[in-house]
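Notes follow once the structure below has been shown.
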Amino acid sequence: MADKPLLPELMKAHGISRRGFLKYCATLTSMMALPPILAPKVAMALEGASRPSVIWLSFQECTGCTEAITRSYAPTIEDLIFNAISLDYHHTLQAASGEAAEAAREAAMEENWGNYLVIVDGSIPLANPGFSTIAGISNLEMLKQTAEGAAAIVAVGSCAAFGGIPHADPNPTGAVSVADIITDKPIINVPGCPPIPVVMTSVLAQFLAFGLDSIEVDDLGRPKAFYSETIHDRCYRRPFYDKGLFAESFDDEGAREGWCLYKLGCKGPTTKSVCATVKWNDGTSFPIQAGHPCLGCTEPDFWDNGGFYKPLSVPAGDYRKLGLAAVAGGAVLGVAGGAIARSVKSSAAAKHEPVTPDDLEKKS
Amino acid sequence: MSASLEKGLNALREQIDAPVASFFTSCVSCGICAEACLFYQETGDPKYTPIHKLEPMRRIWSNEFTLLGRAKSMLGMGRKVTEQDLADWEELVYDSCTMCGRCTLVCPVGNDITMMIRKMREGMSASGNAPEELVAGAKRHWEKGSPMGDLLPALTAHVKNVEKSTGIQVNVDKKGVDYLVILSAQEVAVYNEVIEALARILDKAGVSWTFSSEAFEGTNVGIQIGSKDLAREFVSRTVNAAEKLKVKGVISPECGHAYQALRWEGPNLIGRTYPFEVVHVIELLDRLRADGRLKTKGMDHAKLTFHDPCQINRRGGINHEPRRLLNMVADNFTETEDAGTMNWCCGGGGGVGSNESATELRLQAFQRKKRQFEAVAPEKIVTMCAYCHHILEESLEHYDMDIEVQGLTELMAEYLEDA
Amino acid sequence: MNNPYFDLLMWARGPGFDIALTIMVGGILLRLVEIFVLGRKKDLAAPKGNGVLQGLRTVFTRSVPRKGAMKEAPVTYIAGYLFHIGFFVAFLFLGAHIALIGDLIGIQWPAANKALIEIATAIAVVALIALLWTRFKDPVRRALSTFDDYLVWVLSILPLVTGYAAVNTMFGDSTLMMAIHMLSAEALMIAFPFTKLMHAVTFAVSRYYNGSIQGRKGAES
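Written as structure tokens, this is what we have:
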């Protein structure tokens, strides 16, 4: 580790001023939802940080997460991140291929055993290990091997965190998340399809600056700093929801006026993410701002949550068929119940014996 | 044959129809019917809540007429109606309900509670839980033609007297006239002035009419006690007489439940429509007024008020007719509070007045009318039901209130134009 | 990895709703058949008024208290009105509910302002508390009350409270609250045919009967 350059040196090498570095630290601090007073601490931590080894494993995935992280805004800072760590293995980004690539991974593991960070994107197929292999090694085996010497694992993207799209019904590959396999290592889930780039980099930065323990996670292993409020609660279209103004279709007046997309199936109310505040591409926009309802991609099984365009309040099942069955059942029961009621009445009428005043007294 | 629980339950089962099932299904136990009930209002005892008076019938409906209730019964969960239940309910069904119908008009979900009380009484009487006075009355009515015994001699005497004093011929058993006049037993026995009044008015108006020696009074203990078999027999007497005499119409007397029995329940009891019209005497007088055939002279200047009989106004639809008549002959006619459709009952209807055990309760309940009369302070109370007349007089006397009570027909006759 | 809250919400939106709807629709049908199959004897008395017309009219006119009746039971009347108005405003004018109704029957209408919905909800809740209070306090209502009355009270207040909590992210996770809200509404649906909640359907039938019986006699109703 001693031979690795420290951050300030790297910065200098990349033409980043001290001022630029501090500005970056302040941004990071606010990103991580830490008080501004901690910005110097972030700077100090990063200044002192060496470049830990990072092994990035890509399993059943679409490379969207990698595509996203390369678009983390402020490119110089992205550059910084990639230099703040020693990215020793990453299919898409590394120059090496084939056996050389695998050798790099093994070497990094051996050299940093117990200290390296594993980042995973993609889910792991269990139905048949042969469904997804790298250099002849199944995803399952590679994950187990690599995780063994890891200090921690960051599951990036919903596939790695929750199984994601491969896990969607009927889940032909038997895809599972990292946490479904690895149970003896700290795992931080950074879900999203893909996750917001700066969220990924911020989590890594916090990990580097303050260590694993500084990252508070929720029940689903997601850093609370980024996954504790719903999109709905922070959505700039929320006032329209509150006013009862909804777009009913993608091309109606409401859609043009930018009204709430709840009725078009927006999952904002049940989706926890900072999409509405941090946004994407240097704070340019996010799906709802672009006019599309939130799909709820930071939540488990978002693919199977009743349909992207079905409002949350609308039943997800095929109740119409059941409704017909209910009508039929009610009719049958009604006929049965009615027949009983009728027979009680008609047998009572049959039993009726005409009464005279003498019959009005009990004679014992 | 003897009354028995099984017969009572059977009678209740017979009575449960779609409206009853709908009413019990709809009840939200809001208790508003209690606020409309004379007996609850004047005692404050929650057991007089009208819908509660139907609890045994509700239970039978729930246990036997609903699928869920039957399932519950099979699991031993539905509470059965026992001999004791019906005995306990006698007071609630007979002594503390005059079937006045106020609850029916206030129920937010529209339950006709009064109609259900009428049905409930079918089960009560068949199970031997009817008040003994009503049973005794039914026997007299069955055997002697009226709950007050054989009144024909009295009627015959009245007819003679009227003919003597007025010079008007009063027909008995005359065929082919316009109307068969029915009286209430109370009128024949006590308030017989009405005969002369009626004779004079109808004579003046040129209406031909007759009494029948076979059916001249419209009291129907069957309706009060709640026995369709008895009620059918009593109504049939009138229907048969009317058919025999081939009249165009039957005049229903100033009597609340007689009007209900003759006009509304009758055809349903005998299972066919009448070949004649039934008209309430006040309805007829109002028609004659409209036709200019009832002319009056002079005005009663005494401060008078009107008491609406429940069965004739609220449950009979005769509301404006008596008022139009009163305004012809009275220039100081003051209504009591709630007069008209929501008038309070005298406390004696529905058979309550004849139940010894109800006397105290009935007089307590009368305090509502007492307060209302006190507020108006009339010299005279006019009504159009002989039984209300009787109960009013009795209750006023009980409370030492010196107010005259008079039947409307009689009042009209007093101001009849003689020329 | 699963989110149990989400699974609960999906169960509520899926099988839970299906079960509730089936029981409610089938149950209402059963109860109505049970009523109508008993029939009603033809009234042979010569009518004095139009029973059918007055029956239909009474379905609406009985919504207005008779003169002087209000002051006899002010809590029941006023809280009764407020509850029904509040409940139906909240139920019929929240956008999410309109989306549901639209999906069910294909008819939609404009949604109301959240503030209005919340005021309506608060009014309905306060009214329900007042109604419970009078049920405990007033001897008539206390004597009339059965398990059914208290059950229906609980089932009526739950969707209001949980709905408010779900919309305002109160009492914890919004997904969980939404699921609980849906489940509470489904409990109400399941209980509907078998409790006094049926009055929401049969009130019209009863009022019709009442009005038609009175109307034939030419009497008021």
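Respectively, the protein sequence lines represent chains P, A and U. Reading the first sequence from the start, the letters are residues 1 to 364 in the working numbering. Reading the second sequence from the start, the letters are residues 1001 to 1419 in the working numbering. Reading the third sequence from the start, the letters are residues 2001 to 2221 in the working numbering. Don't be surprised by glycine CBs; every beta carbon is placed ideally from N, CA and C.
Next item on the list: Grab me the residues of A/Gln1311's own chain with a C-beta within less than 7 Å of its C-beta, minus the 5 sequence neighbours each way, in chain order.
Entry: Gly1256, His1257, Tyr1259, Gln1260 and Gly1349
Check: Candidates A/His1280, A/Val1106, A/Thr1098 and A/Met1120: which alpha carbon is nearest U/Glu2072's?
Finding: A/Val1106
Next item on the list: Just the chain A side, please: which residues come within less than 9 Å of U/Glu2034 by C-beta, in chain order?
Entry: Ala1021, Thr1025, Phe1065, Thr1066 and Leu1067
Margin query: Please report whether the beta-carbon of P/Lys366 lies at a distance below 8 Å from any beta-carbon of chain U.
Written below: The question about residue 366 of chain P has no answer here: the residues shown for chain P are numbered 1 through 364.
Next item on the list: Could you list which residues in chain U have their beta carbon closer than 7 Å to that of P/Lys345, in chain order?
Entry: Leu2038
Margin query: For U/Leu2044, which residues in the same chain have their Cβ closer than 7 Å to its Cβ, ignoring the five residues on either side in sequence?
Written below: none
Next item on the list: Express the C-alpha separation of A/Leu1183 and A/Thr1219 in angstroms, rounding to a whole number.
Entry: 8 Å
Margin query: Check whether the region 1206–1224 of chain A and the region 1136–1143 of chain A touch, using three or more Cβ-Cβ pairs below 8 Å as the test.
Written below: yes
Note to self: Extract the residue ranges of the beta strand (DSSP E) inside the region 1242–1312 of chain A, only unbroken runs of 3 or more that lie entirely within it.
What the structure shows: 1249–1252, 1277–1280 and 1304–1307
Notebook entry, point to check: Exposed or buried, which one is P/Lys310 when buried takes at least 16 other CB atoms within 10 Å?
Noted result: Burial call: buried.
Note to self: Is there a C-beta anywhere in chain A that falls below 8 Å from the one on P/Pro287?
What the structure shows: no
Note to self: Check whether the region 1059–1066 of chain A and the region 1191–1211 of chain A touch, using three or more Cβ-Cβ pairs below 8 Å as the test.
What the structure shows: no
Check: Any contact of the region 1087–1099 of chain A with the region 334–347 of chain P, i.e. 3+ C-beta pairs under 8 Å?
Finding: no
Next item on the list: With 7 Å as the C-beta to C-beta threshold (strictly closer), list the residues of the region 263–291 of chain P near chain U in chain order.
Entry: Per Cβ criterion, the list reads Lys263, Pro269 and Thr270.
Notebook entry, point to check: Along chain U, in chain order, which residues have C-beta atoms closer than 8 Å to that of A/Asp1229?
Noted result: Going along chain U, no residue has its Cβ under 8 Å from A/Asp1229, so there is no contact; the nearest lies around 16 Å.
Item checked: the region 1333–1342 of chain A / the region 2062–2080 of chain U touching (three or more Cβ pairs under 8 Å) -> yes
Notebook entry, point to check: A/Val1135 CB to nearest chain P CB: under 8 Å?
Noted result: yes
Note to self: With distance defined between alpha-carbon atoms, name the residue in U/Phe2017, U/Gly2027 and U/Arg2013 nearest to P/Gly329.
What the structure shows: U/Gly2027
Notebook entry, point to check: For P/His90, which residues of its own chain have a beta-carbon under 6 Å away from its beta-carbon, when the five flanking residues on both sides are left out?
Noted result: Trp56
Check: Three-state secondary structure (DSSP) at A/Gly1407?
Finding: Strand.
Next item on the list: Report yes or no: do the region 1231–1245 of chain A and the region 1265–1273 of chain A share at least 3 C-beta pairs separated by less than 8 Å?
Entry: yes
Margin query: Going by beta-carbon coordinates alone, are A/Glu1379 and A/Leu1288 separated by less than 8 Å?
Written below: no
Note to self: Distance cutoff 8 Å, beta carbons only. Does P/Leu360 sit that close to anything in chain U?
What the structure shows: no
Notebook entry, point to check: Hey, how far is the Cα of P/Glu110 from the Cα of P/Ala100?
Noted result: Each residue's alpha carbon lies about 15 Å from the other.
Checklist line | Buried or exposed by the 16-neighbour rule on C-beta atoms within 10 Å, applied to A/Asp1331 | finding: Exposed is the call here.
Check: From which residue to which residue does the alpha helix (DSSP H) around U/Tyr2208 run?
Finding: It spans His2199 to Arg2216 - the alpha helix (DSSP H) in which U/Tyr2208 sits, taken as one unbroken run.
Checklist line | Residues of the region 1307–1321 of chain A whose Cβ lies closer than 7 Å to any Cβ of chain U, in chain order | finding: Arg1314, Arg1315, Gly1316 and Gly1317
Notebook entry, point to check: According to DSSP, which residues form a beta bridge with P/Ala168?
Noted result: P/Ala168 pairs with nothing; no bridge assigned.
Note to self: Between the alpha carbons of P/Thr76 and P/Thr70, how many angstroms are there, rounded?
What the structure shows: Only weak support is given to the placement of P/Thr76: the predicted model assigns it a pLDDT of 40, under 50, and the value that follows is read from those uncertain coordinates. Taking the straight line from one Cα to the other gives about 11 Å.
Check: How many Å lie between P/Ser273 and P/Ala155 at the Cα?
Finding: 16 Å
Next item on the list: Using the DSSP secondary-structure output, state which residues sit across from P/Cys260 in a beta bridge.
Entry: Its beta-bridge partners are P/Phe246.
Next item on the list: Taking A/Trp1142 as the query, report the chain P residues whose CB atoms sit under 9 Å from its CB, ordered along the chain.
Entry: Residues of chain P whose Cβ lies closer than 9 Å to the Cβ of A/Trp1142 are, in chain order, Thr356, Pro357 and Asp358.
Check: Where A/Glu1006 and U/Ser2156 are concerned, what is the direct C-alpha to C-alpha distance, given to the nearest angstrom?
Finding: Their backbone Cα atoms lie some 40 Å apart in a straight line.
Checklist line | Below-8 Å beta-carbon distance, A/Gly1349 vs any chain P residue | finding: So, not an interface residue.
Margin query: Taking 8 Å as the threshold (beta carbon to beta carbon), is A/Gly1128 in contact with chain P?
Written below: yes
Next item on the list: Pull up the CB-CB distance for A/Asp1308 and U/Ile2213, whole angstroms please, since I reckon it's below 8 Å.
Entry: With a Cβ gap of about 19 Å, A/Asp1308 and U/Ile2213 do not count as contacting.
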